Amino acid sequence: MTEKAHIPLGVGFYPDWWKANYGITFGRDYYYDPDYRVEVGLKQQKALYERFGDVGLGQADPQPKPLITFGMVMLPAIFGCEIVYEEAALPWAMPMNLSAEECDKLTKPDLTKVEPMVSVLKQIEHLKGKYGKVVGDINVTGVQNLALKIRGEELYMDYYEDPEFAHRLLTFCTECIIDLWKFVYPITGTGAVDVTPMCDPTIFCVPNCTVEQISGDTYEEFGLPYDNMLGEACHPFGIHHCGSLDPVVEHYAKVKNLVFVEAGFGTDFAAARKILGPEVAFNARISPVLMKNGSAEEVAATVKDAIDQGAPLSNYSIDTVGLTDGVPDENVRAARRTAMEFGKIS
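Structure follows, in structure tokens:
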């Protein structure tokens, strides 16, 4: 394997950027029509190369990528959430707001017989027949994420008023996530592609998007036990965390079989690296608001600061994700060039 010359810096554009700049849309067809999805992937790589090839993005002659994906809505959809598809946004699951009694009646699904998994399995068969393989995986969503889609925001009241029920629901959600991972992983051999491009794709990476909404103490009681269940059943294990990692990083350090953490902007990256230890690969995210509204000089300074906090750089990366329409091209170039210049791995 070729040694990295510098730390990776990822660039991820939000669907509204693609629609506004290239007319590429991400509505329902993107998730249900595998041929359309492959076509979109080719257009994206070509467009990125023509626009940002000077800083290493895109491909001059992209080859078809037989990708499977379903956003972060597979399990919510299976349980009956209404899924909202927009041409210029990611799919969104509307909460079901079930009562505690209704939640307790839920049963684990047969993934071979339930939509939309059946549709995805047909897509896999189609892509394998056409290309001989599939890549990607299904985002399983996080434990609390799924519980919130089923129960709604009342879950946060349950933590204080009915913790026994909350633990039952969280256990159920954890078991469903494990089942989905174990069902899909053998098909592609990956468990992180649909969560983040910034880690080893063969690990199991969970998106803990809503953990930012609770305190460290609450996570220790209602999050850590279930991330440990995931880490024991599916490993090596990784965590994507939206927002600042600071309130929960000491608890994440206790998660079993943890090999990767992705931290949102606002995190003390240096402190987090020290707490988690140098063996845990780490991805630092840069604010998309800064990328859109800041100057190229401010972007470069922020990336440089993130690099300075990242040692050891051998398993460190930076990501500029969620870039919306209007982000200046020069800011993208500034971020990439700063990583190349100051993120050299000796």
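If you're matching positions, the sequence shown starts at 1 in full-length UniProt numbering and goes up one per residue.
C-beta: ideal position from N, C-alpha, C; glycine also.
Predicted model only: the values in this text are computed from it and were never measured.
- For S317, the secondary structure class from DSSP, reduced to helix, strand or coil, is strand.
- Between A233 and I178, the C-beta gap is smaller than 8 Å, which places the two residues in contact.
- Per DSSP, the beta-bridge partners of P207 are H240.
- Excluding the 5 residues flanking it on each side, A77 has same chain C-beta neighbours closer than 7 Å at I83, A93, P116, in chain order.
- Boundaries of the alpha helix (DSSP H) harbouring N21: 15 to 22, taken from the DSSP string.
- Shown here for C209: same chain residues with a beta carbon closer than 7 Å to its own, the five before and five after excluded, namely G142, N145, C242 in chain order.
- Three or more Cβ pairs closer than 8 Å define a contact, and the stretch 312 to 323 meets that threshold against the stretch 271 to 284.
- The beta-carbon separation of T218 and Y159, rounded to 6 Å, stays under the 8 Å limit for a contact.
- A direct Cα-Cα distance of roughly 8 Å separates G136 from P66.
- Contact between the stretch 16 to 36 and the stretch 333 to 346 is absent, with fewer than three C-beta pairs closer than 8 Å.
- Closest option to E86, judged by alpha-carbon separation, among V120, W18, N139: W18.
- Per DSSP, the continuous alpha helix (DSSP H) segment holding A300 begins and ends at 296 to 308.
- Residue state for A281 is assigned as strand, using DSSP reduced to three classes.
- Non-local C-beta neighbours of T25 in its own chain, meaning closer than 6 Å and more than five positions away in sequence, comprise K19, E87, ordered along the chain.
- Assignment of G12 by DSSP, reduced to helix, strand and coil, places it in the strand class.
- In terms of CA proximity to D319, F13 leads the group G223, F13, I150, A5.
- When only Cα atoms are considered, L98 and E220 end up about 25 Å apart.
- Taken atom to atom, the span from the alpha-carbon of A311 to that of D305 is near 12 Å.
- The Cβ atoms of P34 and L170 lie no closer than 8 Å to each other.
- In the DSSP assignment, V255 falls outside any beta strand (DSSP E), carrying neither H nor E.
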